[in-house]
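K.L.:
In short: position in the sequence shown from 1, add 7, done, that's our numbering. From the three backbone atoms N, C-alpha and C, an ideal C-beta is built for every residue, glycine too. Structure in structure tokens, see below.
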Amino acid sequence: MGIRRKISLGFVIIAAILLFSGVVSLYEFVSMRRSISSTISDNISSINTTFVMQDFTDEYNHLYLTQLGNDSVTALPDLTGDSRFIDYMSNVREKYTTLEEKNMADSVMYAYTAYVHTAKEAKHLWQSGYVERRNWYFNRLYPVYQRLRYYIFSLSHISQSALAENTQSLSDSFYRGIMPGVVSIFTGLLLIILFNYYVNFYFIEPIMRILGGIKKYLSYKKSYTETIENDDELGELNDAVREIVEINKEIDRRSASAELLEWRWSAMPSLCSSALLWPLSMILTLPSRHCF
């Protein structure tokens with residue numbers, strides 16, 4: 008594998024890991040937004056509904072309480088014709104997310120049915136007198152009203168607890184959503200460190216060794232002995248540098264031999280003339296010496 012492919016592959020791996028982590032983080036955030044936001048919206052809607060139902064029951068109870076001193080039956084509230092409570096309860100019934108909420112909602116409906124059934128007794132005894140109406144209210148209707156109010160309050164409390172749990176889940180989901188991003192950051196840093204080590208070990212260091220071998224040859228005429236085990240362009244470069252150095256050394260040896268030979272040939276005439284003139288000078292000087 009070539010150097011370009013190795014470096015490109017390293018960057019592709021880092022980019023792929025970062026992209027995967029980003030996609031996972033985005034998916035977590037989208038899932039969290041869809042599920043938790045919808046659940047929290049349902050919890051808030053159910054809590055508001057319990058407040059509305061509490062207002063309805065308080066309104067009914069207040070009407071019966073204020074009419075204890077009135078003998079007119081027409082002033083009594085008509086619960087059978089008022090479907091607001093049941094409509095609100097039916098709309099919010101499917102938004103409850105836990106089994107406890109659904110069971111408590113059923114208890115509220117049963118208590119409201121009992122309250123309506125008890126309130127129907129008012130028309131039969133309202134003409135009986137104030138004492139009978141008061142005893143009926145405090146002994147029959149008011150306990151049922153208290154039970155209904157208790158169930159509504161319990162339902163509101165359960166919905167608020169579910170809202171708190173879902174809010175905590177939202178917080179947990181947020182941290183869970185950012186964890187892939189955090190992991191991708193640390194993974195990217197680790198990959199960058201490893202990739203930097205890889206580039207230095209397999210590319211930078213061999214280039215520095217090749218450069219050091221060339222400098223040794225140029226400065227001290229030392230043989231090029233560097234070995235690169237990479238099976239890529241750096242290995243080919245190292246072999247080419249070794250070959251060039253060997254060729255250059257051979258050229259230097261031949262150049263030195265040629266200079267030596269040229270010097271010998273240039274020095275040959277002077278040596279030959281010196282060798283011939285010395286005997287001749289000796290012969291010419293002999294007679295003069297004999298005469299003396």
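Counting along the chain, where does the alpha helix (DSSP H) carrying residue 143 start and finish?
P.N.:
Looking up residue 143 in the sequence shown gives position 136. Counting along the chain, the alpha helix (DSSP H) containing residue 143 begins and ends at 137-143.
K.L.:
Using the C-alpha atoms, what's the distance from residue 141 back to residue 49?
P.N.:
Along the sequence shown, read from residue 1 onward, the residue named residue 49 stands at position 42. Along the sequence shown, read from residue 1 onward, the residue named residue 141 stands at position 134. One C-alpha to the other measures close to 41 Å.
K.L.:
Rank 23, 166, 269 by C-alpha distance to the C-alpha of residue 54 and give the top, closest one.
P.N.:
Position 47 of the sequence shown holds residue 54. Sorting 23, 166, 269 by C-alpha distance to the C-alpha of residue 54 places 166 at the top.
K.L.:
Decide yes or no for the touch test of the region 94-104 against the region 130-144: beta carbon pairs closer than 8 Å, at least 3 of them.
P.N.:
no
K.L.:
Using a 10 Å radius around the Cβ and a threshold of 16 neighbouring Cβ atoms, would you call residue 257 buried or exposed?
P.N.:
The sequence position of residue 257 within the sequence shown is 250, counting from 1. It is exposed - the Cβ of residue 257 has fewer than 16 other Cβ atoms within 10 Å.
K.L.:
Do the CB positions of residue 33 and residue 195 come within less than 8 Å of each other?
P.N.:
Your numbering for residue 33 matches position 26 in the sequence shown. Your numbering for residue 195 matches position 188 in the sequence shown. No; because the gap between Cβ atoms is not below 8 Å, this pair is not in contact.
K.L.:
If you draw a straight line from the alpha carbon of residue 295 to that of residue 273, how long is it in whole angstroms?
P.N.:
Indexing the sequence shown from 1 puts residue 295 at position 288. Indexing the sequence shown from 1 puts residue 273 at position 266. The predicted model places residue 295 with a pLDDT of 46, which falls under 50 and marks its position as unreliable; any figure quoted below should be read in that light. Distance between the alpha carbons of residue 295 and residue 273 is about 36 Å.
K.L.:
Can you have a look at residue 270 and say buried or exposed, based on whether 16 or more other CB atoms are within 10 angstroms of its CB?
P.N.:
Walking along the sequence shown from the start, residue 270 turns up at place 263. Residue 270 comes out exposed.
K.L.:
Here's a check: name, in chain order, each residue in its chain whose Cβ is nearer than 8 Å to the Cβ of residue 144, leaving out the five neighbours to either side.
P.N.:
Mapped onto the sequence shown, residue 144 falls at position 137. The answer, listed in chain order, is 71, 72, 75.
K.L.:
Residues in its own chain within less than 6 Å of residue 170 by CB, not counting five upstream and five downstream?
P.N.:
Looking up residue 170 in the sequence shown gives position 163. Within the same chain, residue 170 has close Cβ partners 50.
K.L.:
Below 8 Å between beta carbons: does that hold for residue 158 and residue 118?
P.N.:
The count along the sequence shown starts at 1 and reaches residue 158 at position 151. The count along the sequence shown starts at 1 and reaches residue 118 at position 111. Cβ atoms of residue 158 and residue 118: closer than 8 Å.
K.L.:
When you compare the CB positions of residue 162 and residue 115, do they come within less than 8 Å of one another, or not?
P.N.:
For the purposes of this step, residue 162 is taken as the residue at position 155 of the sequence shown. For the purposes of this step, residue 115 is taken as the residue at position 108 of the sequence shown. Yes, Cβ-Cβ distance for residue 162 and residue 115 is below 8 Å.
K.L.:
Apart from the five residues on each side of it in sequence, which residues of its chain come closer than 8 Å, Cβ to Cβ, to residue 155?
P.N.:
The sequence position of residue 155 within the sequence shown is 148, counting from 1. So the qualifying residues of the chain are 64, 115, 118, 119, 121, 122.
K.L.:
Grouping DSSP H, G and I as helix and E and B as strand, with all else coil, what is residue 301?
P.N.:
Shown here, the chain extends from 8 to 299; a query on residue 301 therefore has no answer.
K.L.:
Between residue 214 and residue 255, what straight-line distance do the alpha-carbon atoms span, to the nearest angstrom?
P.N.:
Walking along the sequence shown from the start, residue 214 turns up at place 207. Walking along the sequence shown from the start, residue 255 turns up at place 248. When rounded, the distance between both Cα atoms is 20 Å.
K.L.:
Measuring straight from C-alpha to C-alpha, what distance separates residue 31 and residue 38?
P.N.:
As a first step, residue 31 is located in the sequence shown; it is residue number 24 there, counting from the start. As a first step, residue 38 is located in the sequence shown; it is residue number 31 there, counting from the start. Going by the C-alpha atoms only, they are around 10 Å apart.
K.L.:
Check whether the region 190-204 touches the region 83-90, counting contact only when three or more Cβ pairs, one atom from each stretch, lie closer than 8 Å.
P.N.:
no
K.L.:
Is the Cβ-Cβ distance between residue 233 and residue 217 less than 8 Å?
P.N.:
Locating residue 233 in the sequence shown gives position 226, counting from the first residue. Locating residue 217 in the sequence shown gives position 210, counting from the first residue. For the pair residue 233 and residue 217, the CB atoms are nearer than the 8 Å cut-off.
K.L.:
Going by DSSP in three states, residue 85 sits in which element: helix, strand or coil?
P.N.:
Here residue 85 is taken as the residue at index 78 of the sequence shown, counted from 1. Residue 85: coil per DSSP, three-state reduction.
K.L.:
According to DSSP, simplified to helix, strand and coil, what is residue 237?
P.N.:
Here residue 237 corresponds to residue number 230 of the sequence shown, with the count starting at 1. If DSSP states are grouped into helix, strand and coil, residue 237 belongs with coil.
K.L.:
Taking the alpha helix (DSSP H) that residue 221 falls in, what are its first and last residues?
P.N.:
Within the sequence shown, numbered from 1, the residue matching residue 221 stands at position 214. Counting along the chain, the alpha helix (DSSP H) containing residue 221 begins and ends at 212-227.
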